[in-house]
Amino acid sequence: MKEIYTWVDWFSELCQKIANEDSGDLVKKAKLVPWSTKPSTDESEDIVSLLRFGDKNIDPFSFIYFLASRNNWPSVRKQVYPAIKRIFNLSVSDIPLDIADFWVFPTPQPRGGVLFHGGDTSNPNVLWNLFRQVVRDPVNISENDFKKALKIKNVGVGKLTQALYLISPHYFSQ
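For what it's worth, my numbering labels the leading residue of the sequence shown as 147, then goes sequentially.
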């Protein structure tokens, strides 16, 4: 039973590492992850949505929510999650990739909008500020930053709260 909660420490450590780095580090690391199991014959082909809109639009909320969306397919999660652990140098236990019950955390729809930015029109600083507030101990969320995040195109209460729960499950499960 304990294994189904391994994701909590795993995501918590990942988010802490992301919060302690700058946005450029997240961009570099996001590009190292083998997000797709399909071989690409053309660089413009099969660009995952996280990377499609340029470096400035790789924000921590989009990264975490997109990562959560990669758990729907066993072949993808067996490739992505160990790579994330290696790339981010996580010290937590390995995630039990074969236990179906493990994947009980909030998961975006496979074809749903998993990105938190509004394309080229958004300001990633809003999302970085909110992310760091949520990862901080104790959590101290600015109402103004929360409202700004909700005003971003394609971000609603459900999507934002799912991501917040993934980022800080201990705080948001109280």
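Built from N, CA and C at the ideal position, the CB exists for glycine as well. Note that this is a predicted model, so its numbers are computed, not measured.
Per DSSP, Y151 is not a residue of any alpha helix (DSSP H), being assigned neither H nor E. DSSP places N269 in no alpha helix (DSSP H); its state is neither H nor E. Take D291, set aside five residues on each side of it, and the residues of its chain with a beta-carbon closer than 7 Å to its own are V272, N275, L276 and Q279, in chain order. Taking all protein chains shown into account, N235 has fewer than 16 neighbouring C-beta atoms within 10 Å of its C-beta and is therefore exposed. When DSSP states are grouped into helix, strand and coil, N290 belongs to the helix group.
If the five residues before and after F318 are omitted, its C-beta is found closer than 7 Å to the C-beta atoms of L310 and Y311, all from its own chain and listed in chain order. In this structure, I230 places its C-beta atom within 9 Å of the C-beta atom of V179. Just measuring C-alpha positions, the residue of N203, E159 and L296 sitting nearest K174 is N203.
In this structure, the beta-carbon distance from A214 to F251 falls below 9 Å. Cβ neighbours of D244 within its own chain (closer than 8 Å, five residues either side excluded): P220. Counting only unbroken stretches of 4 or more residues, the alpha helix (DSSP H) elements lying wholly within the segment 169-248 are 169-178, 206-215 and 220-233, in sequence order. One alpha carbon belongs to V154, the other to V238, and they sit about 10 Å apart.
In its chain, beyond the 5 residues on either side, A214, S215, N217 and N218 have a beta carbon closer than 7 Å to the beta carbon of T253. A Cβ-Cβ separation of about 12 Å leaves A176 out of contact with L160 under the 8 Å criterion. If you draw a straight line from the Cα of S169 to the Cα of T152, it is about 26 Å long. About 7 Å separates the CB atoms of F157 and P315; that is less than 8 Å, so the two are in contact.
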